[in-house]
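Numbering (the UniProt record's numbering), first residue to last: 1 to 304.
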């Protein structure tokens, strides 16, 4: 089968499974890029894709595109799912990604400093006061919600009004694997949601089912949210922190730990499948570990 048709078969299958749009977009972007590369290399059939071919493509992504180890491993993971599908459908005998090792990642968790958060909020507030339009108000609310909940960008974009429970202070989100989970919501976050809801009702008359919308009262896409952060990044020009929704998720975790929050509780709020994922934050934000060790060390009660 031609690579192009194999991709279409795979995407159709995943759409039927109900895969989230943000995940489908990731596959489509990868496939379109890979298809362009294979055509330049004169490769058109799925049976021509060997481990060596995939390694060459990933090397191209690293050298020509500047992809970091995390991006390369994500692409390998997506390819693995695709080729497993082809094997299951008996279009290939074996999965070529099985012979490709995972790229070693230099895992660094970057978060915004308190000063950077203040600078961003100051900028967004100025815009909100000056413009007082849908974009400035919505962008401010998006930033507050992400900082106050630790939501993923896909969860934010798919949030609907009926997912928000103002009475018990919780959000219903569909995380990875489309599993329904509840996220606690503080009064400050609830206040921003209420203000935004009132604004949308007054502006459009009819409230959209989705919380975050564009000028046409249509659901805001994940790419639109990312575009907002790219524009924000160009304005703020921070040297260290990457201005993104995921950096806000890291910042939420850092502040939670620094303010004395329990790691097991944080793990539930962030909806990590394993607490070991959450414990990485303790390793990176080690000041909290040192402070707690000083406060609760058993030697404190002994005269030695």
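The C-beta atom is built at its ideal place from N, Cα and C for all residues, glycine as well.
| Query | Result |
| --- | --- |
| What first and last residue would you give for the alpha helix (DSSP H) that runs through residue 211? | Careful: residue 211 lies outside any alpha helix (DSSP H) and carries neither H nor E. |
| What does the alpha-carbon distance come out to for the pair residue 239 and residue 80? | 35 Å |
| Less than 8 Å between the beta carbons of residue 95 and residue 87, yes or no? | yes |
| Excluding the 5 residues preceding and the 5 following residue 124 in the sequence, name in chain order all residues of the same chain whose CB lies nearer than 7 Å to its CB. | 139, 140 and 143 |
| Does DSSP classify residue 218 as helix, strand or coil? | coil |
| Does DSSP classify residue 28 as helix, strand or coil? | helix |
| Beta strand (DSSP E) containing residue 170: first to last residue? | 170-174 |
| With H, G and I counted as helix, E and B as strand and the rest as coil, what does DSSP make of residue 67? | coil |
| Could you pull the DSSP bridge partners for residue 181 from this structure? | 173 |
| On the DSSP letters alone, give me the boundaries of the alpha helix (DSSP H) that residue 115 sits inside. | 114-131 |
| Per DSSP, what kind of secondary structure is residue 91 in: helix, strand or coil? | coil |
| Go ahead and pull the three-state DSSP assignment for residue 53. | helix |
| What residue range is occupied by the uninterrupted alpha helix (DSSP H) comprising residue 202? | 187-204 |
| Just mark residue 13 as buried or exposed, buried being the case when its beta carbon has 16 or more other beta carbons within 10 Å. | exposed |
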